[in-house]
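See below for the structure under consideration.
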Amino acid sequence: MKFRIEKSFARDVDKIYDKRVLKKLRTIISMFEKVETIYEIPHVKKMEGYNTYYRIKISDYRLGIEMISTKEAILVRFLHRKDIYKYFPRKKQK
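Quick note: the sequence shown, position 78, residue 77 per numbering that gives the first Met the number 0, numbers continuous.
Now the structure itself:
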């Protein structure tokens with residue numbers, strides 16, 4: 000699967016210092032390179048009320064993903080569970 004990394008995602012990751020969380024995140028990102036669809040990645044959940052937004056639970060953090068097509072994703076945000084839903088998804092789709 001193809002994926003892109005947003006600047007917001009990179010900024011969020013730069014603020015994380017927990018090595019266990021970063022190791023799990025690296026594992027998830029490496030899975031993106033190996034799988035063909037997002038449903039092959041464990042702990043993926045579609046965001047309610049949105050067509051193209053998904054999240055992956057990693058400890059107390061959430062990885063926000065926007066699907067462009069069935070085989071292309073954008074890694075948008077990586078924030079603590081108390082903050083992620085304030086900033087992700089960006090806008091509600093109709």
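Note that CB positions come from ideal geometry on N, CA and C, so glycine has one too.
Alpha-carbon spacing of residue 4 relative to residue 75, whole angstroms
Each residue's alpha carbon lies about 7 Å from the other.
Suppose only complete runs of 3+ residues qualify. What are the beta strand (DSSP E) ranges in the segment 0-75, listed by chain order?
Here the runs fully enclosed are 1-4, 43-45, 52-57 and 60-68.
Between which residues of its own chain and residue 46 is the CB-CB distance below 7 Å, once the five residues before and five after are set aside?
Within its own chain, the residues whose Cβ lies closer than 7 Å to the Cβ of residue 46, once the five positions on either side in sequence are excluded, are 52, 53, 54 and 88, listed in chain order.
Sequence-distant residues of the same chain with beta carbon closer than 7 Å to residue 30, five excluded per side:
The answer, listed in chain order, is 40.
Which residues mark the beginning and the end of the alpha helix (DSSP H) in which residue 85 is found?
That run of the alpha helix (DSSP H) goes 83-86.
Any idea if residue 61 is buried or exposed, counting beta-carbon neighbours within 10 angstroms, 16 or more meaning buried?
When all chains shown are included, residue 61 counts as buried.
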